[in-house]
Each structure stands twice: as C-alpha cells, then as structure tokens.
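J.: Using my numbering, the first residue of the sequence shown is number 24, and each one after it goes up by one. Ideal placement from N, C-alpha and C gives every residue a C-beta, glycine not left out. I have a structure here, written as structure tokens, and I will follow up with some questions on it.
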Amino acid sequence: MKKLLIIANWKMNPDSPSRALLLAKKIDQGVRNTQTEVVIAPPFPFLFEIGRALKKAKLGAQDMHWANLGAYTGEVSWHQLRHLRIAYVIIGHSERRWKMGETDTEINKKVRVALKTNLTPILAIGERRKMNDRAMRTVLKKQLTLGLKGISQKRFKNGVIAYEPVWAIGTGNSASPAHAASALHAITEILKNLWHTKAITTRILYGGSVNAKNARDYITENGGAMHGLLVGGASLNPKEFLGIIKNSLRK
Ligand code: PGA
C-alpha cells in the first residue's frame with residue numbers, strides 16, 4: 024500500500040515571513056515520526072526560507088508557469104522552482120481555474136512540464152456546483168481528458184490527482200465520504216478508459232473543508248481507497264493540521 028500523502032495548501036497566507044516560518048517549523052517538528060508523506064505549499068515569497076528549514080516535510084508550490092524563462096510578468100517558472108527544493112506542484116487548483124481564468128489547455132502544459140522536469144504534479148479537479156453523479160462524471164472526465172492530454176500512465180507514474188469539489192472548498196461543508204468515494208470511483212474508471220488499462224496506480228486525494236474530525240472518514244470509506252488529503256484552511260493551524268495527519272493514519 025502506498026504512503027498516505029497529506030498536503031498543506033496555504034494559499035495566500037500567512038501575512039509575514041516570520042509567521043510562515045514558525046508555522047512550517049511547528050508542522051515539520053510535529054511530523055518527524057510519521058509514516059505519512061507531508062507536503063507544505065506556501066506562497067512563493069516564503070519558499071526559499073521554508074525549504075531550508077524543513078527537515079521532514081517536503082516543499083510544494085501552488086502553481087508554476089510552463090515556460091523556462093521569458094516575458095511573463097508576475098509568473099514563476101518551473102526552472103526557478105527547481106532551485107528551491109520543490110518536490111510537488113499543485114496544478115489547476117479551482118481558485119486558479121475560476122478566479123484567474125486558467126484553462127484546461129494551460130493546465131495540460133503545466134502538467135507536462137512538471138513531469139519533464141521531475142516536479143511531481145498534483146492535478147486538481149472537481150465540479151463547481153453540487154450535481155448528480157452522472158453530471159459530476161462528465162465534468163471530471165473533461166478535466167482529466169484535457170488536463171492529461173498526451174500523457175501516458177507511465178509518464179504520469181508518480182503524479183497525483185486531487186479531487187476537490189469546488190462547493191466544499193473553504194465552506195466548512197465538506198463532501199460526504201460517500202460522495203468522495205463515488206468521485207474516486209468515477210476518476211478511476213475515467214483513467215482506466217483514458218489509459219486503456221485495468222489497474223490505476225495513481226494516487227488520488229480528497230480536498231474540501233477537511234479537518235481533524237472528518238479526515239479519517241475519507242481515508243477509510245470504501246475500504247480505504249483515498250491516498251491522502253489536500254488541506255487548505257485547516258493547514259494554517261498546526262494543531263488542527265497535525266490532528267488531521269494523526270487521525271488519518273490507517274490502522
Ligand atoms: P479548504 O481548501 O481545506 O480550506 O476547503 C482546500 C483547498 O482549496 O485545497
């Protein structure tokens with residue numbers, strides 16, 4: 024069984040480098056003895072310092088540009104990230120899709136570049152509104168087909184899919200574990216079709232209002248199929264985030 028993967032997505036928080044470093048250190052110390060793979064994805068300005076401070080947790084970026092270098096004001100390239108000990112990069116987060124207008128085509132370019140440059144992509148997908156399973160499957164199929172266009176299963180080998188229903192993000196209304204399990208099933212079937220294979224080894228995570236109380240339910244629902252969690256708000260509180268890591272351990 025693969026290691027659980029739990030990611031802290033700090034989004035545009037916290038407000039100062041000292042607070043960010045303190046938070047990272049508290050999390051890092053708290054996960055010293057865990058078997059779970061823990062990733063902290065802070066805002067770009069804090070990556071360098073946090074990368075130097077982390078001993079156990081890994082470093083992630085929240086986005087990146089696909090070009091090596093060039094005239095892209097305000098963007099950060101994979102090339103620059105590679106100098107900062109980044110292991111993972113979140114691509115296609117719903118806030119980038121819906122607030123910044125990022126398209127599936129751009130997302131696909133980013134996933135390809137991440138794979139080419141040995142950054143592990145975490146491709147985020149999810150339906151925007153609550154809908155029935157059939158409609159959800161259509162949305163997920165489109166996002167996966169376009170986001171993974173031209174990418175074989177072999178090439179995506181270490182890649183990660185994060186299922187995050189947009190309506191559950193930052194709302195406190197997490198999706199029920201049964202809903203997450205049915206999305207997981209849909210994603211697995213879509214990937215099997217896409218890659219013409221019977222077995223999917225890709226790690227699939229759940230995200231959307233995860234907290235220390237509900238974390239375990241996503242990991243254990245349906246015999247323990249989710250490979251981990253993508254955590255936003257609760258990852259800014261070390262006690263809560265460490266609680267998520269502790270409680271989600273498979274027993
Ligand atoms: P949330 O965010 O845990 O605050 O709902 C999750 C995410 O956006 O990755």
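(1) Assuming residue 267 contacts residue 234 under a Cβ cut-off of 8 Å, what Cβ separation, rounded to an integer in Å, is found between them?
(2) Pick out the complete alpha helix (DSSP H) segments inside the segment 25-74, 4 residues or longer, and give them in chain order.
(3) Report buried or exposed for residue 68, applying the criterion of at least 16 other Cβ atoms within 10 angstroms of its Cβ.
(4) Does the beta-carbon distance from residue 29 to residue 50 come in below 8 Å?
(5) On a CA-only basis, which of 41, 136, 209 is nearest residue 90? Give me that one, please.
(6) Roughly how far, in whole angstroms, is the beta-carbon of residue 108 from the beta-carbon of residue 74, given that I think they are within contact range, below 8 Å?
(7) Among the candidates 199, 210, 157, 26, whose CA atom is the shortest distance from the CA of residue 59?
(8) Using a Cβ-Cβ cut-off of 7 Å (strictly less than) and excluding sequence neighbours within five positions of residue 270, which residues of its own chain qualify?
(9) Whole alpha helix (DSSP H) runs in the segment 106-163 with 4 or more residues, listed along the chain?
(10) Hey, could you find the ends of the beta strand (DSSP E) residue 80 is sitting in?
(11) Write down the C-beta distance between residue 134 and residue 171 rounded to the nearest angstrom, noting that I regard them as a contact closer than 8 Å.
(12) Give me the Cβ distance between residue 183 and residue 145, rounded to the nearest whole Å; I'm assuming they're in contact under 8 Å.
(13) Please indicate yes or no: does the CB of residue 257 lie closer than 7 Å to some heavy atom of the ligand PGA?
(14) Consider the C-beta atom of residue 193 and the heavy atoms of the ligand MG; say whether any pair is separated by less than 7 Å.
(15) Going by DSSP, what residue range makes up the alpha helix (DSSP H) through residue 265?
(16) Within the continuous beta strand (DSSP E) that includes residue 223, where are the two ends?
(17) Within the continuous alpha helix (DSSP H) that includes residue 217, where are the two ends?
(18) First and last residue of the beta strand (DSSP E) that includes residue 252?
(19) Just the C-alpha distance for residue 32 and residue 128, rounded to the nearest angstrom, thanks.
(20) The ligand PGA and residue 62: does any heavy atom of the ligand fall closer than 7 Å to the residue's C-beta?
(21) Is the beta carbon of residue 210 less than 8 Å from the beta carbon of residue 229?
(22) Please go through the same chain and pick out, in chain order, the residues whose beta-carbon is closer than 7 Å to the beta-carbon of residue 83, but skip the five residues on each side of it.
(23) Counting only the same chain and skipping the five closest in sequence on each side, list residues whose C-beta sits under 6 Å from that of residue 70.
(24) How long is the line joining the alpha carbons of residue 78 and residue 259, rounded to whole angstroms?
(25) Taking 7 Å as the cut-off, is the C-beta of residue 32 nearer than that to any heavy atom in the ligand PGA?
T.: In short, the structure shows the following:
(1) 7 Å
(2) 40-53
(3) exposed
(4) no
(5) 136
(6) 4 Å
(7) 26
(8) Within the same chain, residue 270 has close Cβ partners 235, 238, 239.
(9) 117-122, 127-139
(10) From DSSP, residue 80 is part of no beta strand (DSSP E); its letter is neither H nor E.
(11) 7 Å
(12) Indeed, because the Cβ distance is near 4 Å, the residues count as touching under 8 Å.
(13) Correct: residue 257 has its Cβ closer than 7 Å to the ligand PGA.
(14) Because the ligand MG does not appear in the structure shown, any question about it cannot be addressed here, the ligands present being the ligand PGA.
(15) 261-270
(16) Careful: residue 223 lies outside any beta strand (DSSP E) and carries neither H nor E.
(17) 200-218
(18) Taken as a continuous stretch (DSSP letters only), the beta strand (DSSP E) holding residue 252 covers 251-254.
(19) If I take the Cα positions, the gap works out to 23 Å.
(20) no
(21) no
(22) 30, 62, 63, 64, 109, 110, 111, 112, 113
(23) 107
(24) Using only the alpha carbons, I get a separation of about 19 Å.
(25) yes
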